[in-house]
Amino acid sequence: MTTPTRNHTHQSTLTRYSSAAHQPTWPQPHLVEQVRHRLEAAQSLVTAEEIEELRVCLAVVASGHATVVQLGDCAEPFVELSPQAVDRKLDFIDEAADLVAGATGQGVIAIGRVAGQFAKPRSNPTETVAGQDIPTYMGDAVNGPGPTPEEREPDPFRLLRGHRLAQRATEAIRHHNSTTGRKIWTSHEALLMDYEHPQVRFQGHDRYLTSTHWPWIGNRTRQLDGAHLSLMEVIRNPVSCKIGPGVSTREAERLVRTLNPHNEKGRLSLIARFGRSRIRDDFPAIVSALCTAGLEVNWMVDPLHGNTRSADDGDKTRLIPDVLDEVTAFNEILKTFDLHSAGIHLEATGDYGIEECTTSVDSRRGPNSYRSLCDPRLNRIQTAEVLTAWTEGR
1 MTTPTRNHTH QSTLTRYSSA AHQPTWPQPH LVEQVRHRLE AAQSLVTAEE IEELRVCLAV
61 VASGHATVVQ LGDCAEPFVE LSPQAVDRKL DFIDEAADLV AGATGQGVIA IGRVAGQFAK
121 PRSNPTETVA GQDIPTYMGD AVNGPGPTPE EREPDPFRLL RGHRLAQRAT EAIRHHNSTT
181 GRKIWTSHEA LLMDYEHPQV RFQGHDRYLT STHWPWIGNR TRQLDGAHLS LMEVIRNPVS
241 CKIGPGVSTR EAERLVRTLN PHNEKGRLSL IARFGRSRIR DDFPAIVSAL CTAGLEVNWM
301 VDPLHGNTRS ADDGDKTRLI PDVLDEVTAF NEILKTFDLH SAGIHLEATG DYGIEECTTS
361 VDSRRGPNSY RSLCDPRLNR IQTAEVLTAW TEGR
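The sequence shown begins at 1 in the UniProt record's numbering and counts up one residue at a time.
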């Protein structure tokens, strides 16, 4: 395996990211600089060869001869990254991939939200707990989930711990891949600029983001003039971008032209996350515009994020009927344009006893059945139900 070389001058050629959206407010900037330097010197988590291999796999998906299953935790807890815990996650991904392979008769590109899904953009920077405003939990790479000011204070050294744990998880994935015969690739939202930028490496004239095989940009950070787009457009990794309500046809076209300037098959996936109430109204115009422009995109669906609501018990939930309806609508819309559904992206867990997504807002959940650090995940049975509906409707 060839590891791309470090280049400490690469940041000067990338957009400055001090004003990037949804970044933590670090209390001591000089410590952040120390962390960046240590990440620049750290071992690459993935290799250029692995990234190039995934590019080839996603080009096969673009041709319609394979499909993508991408799933995992909403936010990965550091405490669940022991080798045994990672193996359980990988077994769950394998199980999902086997289901889709059996239903479609196609090869499956199995992608885990794993080994780096440590940060989440949040709607509000603070929340009120016991009458006190404290920073919102942004993921274990930023702060802790405990409801105290001390736990919630952003700590840049968590980035280093995240890298160490991601390295251990990536090694466990490589071992799993070598023993099972199926490759599982890593992915996460490339949100934290202080984590991602230092892990850009050069091989020849090409830049590789070595924190993960397949980074994505979230719906909240896809600004055309933003730092996240600026990073994604210059790296060799395949990339994906979530789009949802509010995206215009013009913006979607500019996103695609920016992220896939050479119009390569498999380079870019767009992940639709409109929600059941908006997808039939908003999505067809986007697909039509990109088809008319002749732009290459792998179309995937995230039927969870656009369907988040509050349950009667006060916790977030996602209703399974809403999720299934969005999957159905997504497939139907693509068929009208003679396009195929390239993949599905799910926040899901193989842990037993989870009841975070429900059938109705007044569904009664069992004790200790909501364990997500952020948004609700599908459980094992619900994951199989959603995957089955998606494969049957493709």
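All C-beta atoms, glycine included, are put in the ideal place defined by N, C-alpha and C.
In this text, all values refer to a predicted model and were calculated from it rather than measured experimentally.
Quick one: Cα of Ala293 to Cα of Ile217, how far?
Taking the straight line from one Cα to the other gives about 22 Å.
Please look up how many angstroms separate the CB atoms of Ile271 and Lys242, rounded, as I've assumed it's under 8 Å.
Sure, about 5 Å apart at Cβ, within 8 Å.
On the DSSP letters alone, give me the boundaries of the alpha helix (DSSP H) that Asn177 sits inside.
Residues Phe157 to Thr180.
Tell me, please, whether the region 100-116 touches the region 164-177 by the rule of three or more beta-carbon pairs shorter than 8 Å.
These segments touch.
Does the beta-carbon distance from Ala348 to Leu45 come in below 8 Å?
No, Cβ-Cβ distance for Ala348 and Leu45 is not below 8 Å.
Measuring straight from C-alpha to C-alpha, what distance separates Arg309 and Thr388?
Going by the C-alpha atoms only, they are around 24 Å apart.
Give the straight-line distance between the Cα atoms of Thr328 and Gly393, rounded to the nearest whole angstrom.
For Thr328 and Gly393, the distance between alpha carbons rounds to 6 Å.
Using the beta-carbon count (16 or more within 10 Å), is Asp325 buried or exposed?
By the neighbour-count rule (16 or more Cβ atoms within 10 Å), Asp325 is buried.
Looking only at DSSP bridge pairs, what is Leu270 linked to?
DSSP, once it has assigned bridges, lists Cys241 and Trp299 as partnering Leu270.
Residues in its own chain within less than 8 Å of Pro261 by CB, not counting five upstream and five downstream?
Only Glu233 meet the Cβ criterion.
Going by other Cβ atoms of all chains shown within 10 Å of its Cβ, with 16 needed for buried, is Val386 buried or exposed?
Classification for Val386: buried.
My parser needs the beta strand (DSSP E) runs of 3 or more residues fully inside the region 186-242; what are they?
Segments of the beta strand (DSSP E) lying fully in the region 186-242: 200-203, 206-209 and 214-217.
Under 6 Å Cβ to Cβ from Ala103, same chain only, skipping five residues before and after it: list those, please.
So the qualifying residues of the chain are Thr391.
At which residues does the alpha helix (DSSP H) containing Lys335 begin and terminate?
Where Lys335 is concerned, the enclosing alpha helix (DSSP H) stretches over Ile320 to Thr336.
I'd like the list of long-range same chain contacts for Gly226, defined as Cβ closer than 7 Å, with 5 residues on each side in sequence excluded.
Only Ala20 and Ala21 meet the Cβ criterion.
In the DSSP output, which residue or residues are listed as bridge partners for Pro135?
Its beta-bridge partners are Thr126.
For Tyr352, count neighbouring C-beta atoms within 10 Å of its own C-beta (all shown protein chains included) and say buried if the count is 16 or more, exposed if not.
So Tyr352 ends up on the exposed side.
For Asp140, does the count of other Cβ atoms within 10 angstroms reach 16, so buried, or fall short, so exposed?
Buried, since its Cβ has 16 or more Cβ neighbours within 10 Å.
Could you round the C-beta distance between Ser269 and Asn298 to whole angstroms and report it? I think they count as a contact, below 8 Å.
Correct: roughly 4 Å between the Cβ atoms.
In this structure, how does DSSP classify Arg38 when only helix, strand and coil are distinguished?
Correct three-state label for Arg38: helix.
By the three-class DSSP mapping on this structure, what secondary structure does Leu71 have?
In the structure shown, Leu71 sits in a strand (DSSP, three-state: E or B).
Using the three-state DSSP reduction, which class does Ile354 fall into: helix, strand or coil?
Three-state result, Ile354: coil.
I need the boundaries of the beta strand (DSSP E) containing Ala110, first residue and last residue.
Its beta strand (DSSP E) spans residues Gly107 to Arg113.
Looking at Leu159: is its Cβ nearer than 8 Å to the Cβ of Val361?
Cβ distance not < 8 Å, so Leu159 and Val361 don't count as in contact.
Using 8 Å as the threshold, is the C-beta distance between Ile184 and Leu319 below it?
In this structure, Leu319 does not lie closer than 8 Å to Ile184 by Cβ.
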